[in-house]
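*Asks:* Pasting a structure here, questions to come.
2 protein chains.
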Amino acid sequence: MDIKKYLQKKKETVDLALEKYFPNMPDSTGEGVLPTSLHKAIRYSLFAGGKRIRPILSMASFEAVGGEGDGILPFACALEMIHTYSLIHDDLPALDNDDYRRGQPTCHKVFGEAIGILAGDALLTEAFKLMTNQSIQGLFSPSHDRGWVLDVIHEIAQAAGMSGMVGGQVIDIESEGKEVGLPTLQYIHTHKTGAMIRVSVWAGAKLGGADEKTLKAFIRYGERIGLAFQIADDILNVEGKASRLGKKTGSDLSRGKATYPSLFGMEESKRRAKELVELAVTAIDSFGPEAEPLREIGWFILSREY
Amino acid sequence: MDIKKYLQKKKETVDLALEKYFPNMPDSTGEGVLPTSLHKAIRYSLFAGGKRIRPILSMASFEAVGGEGDGILPFACALEMIHTYSLIHDDLPALDNDDYRRGQPTCHKVFGEAIGILAGDALLTEAFKLMTNQSIQGLFSPSHDRGWVLDVIHEIAQAAGMSGMVGGQVIDIESEGKEVGLPTLQYIHTHKTGAMIRVSVWAGAKLGGADEKTLKAFIRYGERIGLAFQIADDILNVEGKASRLGKKTGSDLSRGKATYPSLFGMEESKRRAKELVELAVTAIDSFGPEAEPLREIGWFILSREY
């Protein structure tokens, strides 16, 4: 299969759906009070060229277990909204203090810090609003229990919250400039990025109707792919072209961030990333061609050609 | 009824439940990586002496329509968690830049801006995690549809998000130092504080099993009480004792914030607040003694003896 074409097509589906949820707002209607700057800031970050890896993983996972229809789409979009909020807040001066992301000035550089903080808050909240929308109920087959939807939202909140992404971000910030060992680095990686990637894969399979055994296999895939993704990101931060990265390479090093390359060296990091993708693919090798996109995404993550 | 005793008792119930969700964490277990500072920051703000008005309104509303059991408690706590996150973020230097709240240094003054931002993010996320917890399902009678729970979470997200609280905060920030008229002031008040108070009342009634007619009456009560609450807050900001307020009085004025007193004068503001509470109480006058706490809370809000 042509994985690049697959990713492009799925990305377009996600972009279209996100565009529907956050349509362009007229500058002024001439009447009424509207937080237009907030809306602009949200759109600025949401449509800043993200590759939609998390939503695509959830959709690929949904389809791999035989999920049909558009029921996964609101969840896929919510995953991207949560990811985008985390990027906006991570870039803030009090956190990573990044002026550029994907080659564009960061949200707070364009709209100011207050709107940056509030745009992140809004995106996080709207993600949960989207996942609880009544219209979602009609998207699934009658065999779907509403309890499933609650469970999926719960797991996504768990992955995004203090025992997941936010917790990882806290340890990341507090570890800057310190010499940290593998347990800390692994905590950061599995929580800051790993948790949301893992839950994206799991949520897709769960909403697609997977049984417990399948869910376990997909979680193993998700965990391994998540860590491989972050190691690839660490490698890219050292080796990547600034033009492709959209920000300065070597920023992790200059900031004293613990990374796989800083702990294990470049060769060993590449070996581990490759091994993780192999293990991820192995976890789902009992599935047929319907799981091919998940396998291909694994290999694509290694290349990080984006 | 003794409303102060009632409020105290309900506050204790909420505090106990919140304590269960966010127990004190040991400083160090000697092993493992844990975001202890995040946990401390969350507890610091969550147990900083809040009066728990939103959760109490949801509980009073739940009981007024005949709701039984503890099913309302996780939602009551979630409402307080969302409120607390909004206070932490509002106090940040990029927003209101407040050093004190309820007589204590604000969260970011104690734990730093990064942890302040992340503690807010975590509280917001954990609120949704709490409301989707599976154990909640057992708290309601079988007549409760899980779809109700989804609807309630959806409405809470709506009230907290860009068309609610966050939207109001954006307009509030952008209106500072500008001469604004009543439409803008009303937008700020009904969105920044009003939306969450309104949804607290509505969620309690909905989860308590209220029919559509009752829900409509409770929404009218909630809207009026919400605006009265904010006007009383505006008045308190001018007239209140700093010792009681926990921060400098007159901060709205020095910051150029639009308030009811600045637009209508003190006497007219007091008259309007009183009128709103009267209208709120009228909206639920067909209910019997079971709605007495809601009526008493209305009059108590006017006094703002806290």
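Protein chains in written order, with the working numbering: chain F, 341 to 646; chain Z, 341 to 646. Glycine is no exception: its CB is placed at the ideal position from the N, C-alpha and C atoms.
1) What does Z/Q570 touch in chain F if you count any residue whose Cβ is under 9 Å from its own?
2) Taking DSSP's pairing of strands, which residues face Z/R441 in a bridge?
3) Quick one: measure Cβ to Cβ for Z/G390 and Z/E359, integer angstroms, because I've assumed they're closer than 8 Å.
4) Using a Cβ-Cβ cutoff of less than 8 Å, which residues in the same chain neighbour F/E632 once the five nearest sequence positions on both sides are dropped?
5) What runs of the alpha helix (DSSP H), each 4 residues or longer, lie entirely inside the region 491–574 of chain Z?
6) Check the Cβ of Z/A648 against every Cβ in chain F and list those closer than 7 Å, keeping chain order.
7) Nearest chain F C-beta to Z/G501 closer than 7 Å, yes or no?
8) Which chain F residues are close to Z/I457, counting only those with a beta carbon under 9 Å from its beta carbon?
9) Return the first residue and the last residue of the alpha helix (DSSP H) that F/D430 is part of.
10) If contacts are defined as beta-carbon pairs under 8 Å, then Z/I511 and Z/Y527 qualify, I think. What distance do you get, rounded to the angstrom?
11) In whole angstroms, give me the CA-to-CA distance for Z/Y646 and F/A620.
12) Kindly indicate which three-state DSSP category Z/A400 falls into: helix, strand or coil?
13) From Z/I412 to Z/M399, what distance separates their C-alpha atoms?
14) Hey, F/A416 and F/V492: beta-carbon distance below 7 Å or not?
15) Quick check: what's the CA-CA separation for Z/I637 versus Z/N473?
16) Got a sec: which bits of the region 516–530 of chain F sit with their beta carbon under 7 Å from any beta carbon on chain Z, in order along the chain?
17) For Z/Q348, report the span of its alpha helix (DSSP H) as first-last.
18) Consult DSSP for F/A620 and reduce its assignment to one of helix, strand or coil.
19) I want to see whether chain Z comes within less than 7 Å of F/E563, judged by CB atoms only; does it?
20) Among the residues of its own chain, which have a CB less than 7 Å from the CB of Z/R394, if the five just before and after it don't count?
21) Determine the closest residue to F/V354 out of F/E466, F/N364 and F/L386, with distance taken between C-alpha atoms.
22) At a CB distance below 9 Å, what residues from the region 402–427 of chain Z approach chain F? Give them in sequence order.
23) Which of helix, strand or coil does DSSP assign to Z/K449?
24) Output yes or no for whether 7 Å exceeds the beta carbon distance between Z/F569 and Z/I641.
25) Compare the beta carbon distance of Z/V506 and F/L458 with 7 Å and say whether it is the shorter of the two.
26) Have a look at Z/W639, Z/G443 and Z/C447 and flag the residue whose alpha-carbon is nearest the alpha-carbon of Z/P433.
27) Taking CB distances under 7 Å as the criterion, tell me whether F/E466 reaches chain Z.
28) Report the CB separation of Z/K469 from F/Q498 in whole angstroms; it is logged as a contact under 8 Å.
29) Considering only C-alpha positions, which residue in the set Z/G504, Z/D431, Z/L525 and Z/A404 is nearest to Z/G549?
30) Start and end of the alpha helix (DSSP H) containing Z/R635?
31) Whose CA, out of Z/W639, Z/L435 and Z/D625, lies closest to the CA of Z/S515?
32) In chain order, what residues of the same chain have a beta carbon less than 6 Å from the beta carbon of F/R564, not counting five sequence neighbours either side?
33) For Z/N577, name the three-state secondary structure that DSSP assigns.
34) For the alpha helix (DSSP H) containing F/L435, name the first residue and the last one.
35) Beta carbons nearer than 9 Å to chain Z: which residues of the region 383–401 of chain F have them?
36) Go ahead and pull the three-state DSSP assignment for F/A388.
*Replies:* Let's see:
1) By Cβ distance, chain F contributes nothing, its closest Cβ being about 16 Å from Z/Q570, past 9 Å.
2) Answer is Z/Q444, bridged to Z/R441.
3) Their Cβ separation, rounded to whole angstroms, is 13 Å, which puts Z/G390 and Z/E359 out of contact at 8 Å.
4) For F/E632, same chain residues with a beta-carbon under 8 Å away, outside a window of 5 residues either side, are M341 in chain order.
5) 505–515, 522–528 and 535–547
6) Since the first and last residues shown for chain Z are 341 and 646, residue 648 of chain Z lies out of range.
7) It does; some Cβ of chain F falls within 7 Å.
8) H429, L432, A434, L435, I457 and G460
9) L413 to D430
10) Going by Cβ atoms, the distance from Z/I511 to Z/Y527 rounds to 6 Å, so yes, they are a contact pair.
11) Here Z/Y646 scores only 42 on pLDDT, less than 50, and its place in the model should not be relied on; the value that follows carries that caveat. Between Z/Y646 and F/A620, the C-alpha separation is close to 57 Å.
12) helix
13) 6 Å
14) no
15) For Z/I637 and Z/N473, the distance between alpha carbons rounds to 30 Å.
16) P523, T524 and Y527
17) Note, Z/Q348: alpha helix (DSSP H), I343 to Y361.
18) It is helical.
19) no
20) L419, E420, H423, M536, I537 and S540
21) Check the Cα spacing between F/V354 and each of F/E466, F/N364 and F/L386: the tightest is with F/L386.
22) Those residues of the region 402–427 of chain Z placed with their C-beta closer than 9 Å to a C-beta in chain F are I422, Y425 and S426, ordered along the chain.
23) helix
24) yes
25) yes
26) Z/C447
27) yes
28) 6 Å
29) Z/A404
30) E632 to S643
31) Z/L435
32) L616, L619 and A620
33) helix
34) Segment: none, F/L435 is in no alpha helix (DSSP H) and carries neither H nor E.
35) Taking 9 Å as the Cβ-Cβ cut-off against chain Z, none of the residues of the region 383–401 of chain F qualify.
36) Coil at F/A388, not helix or strand.
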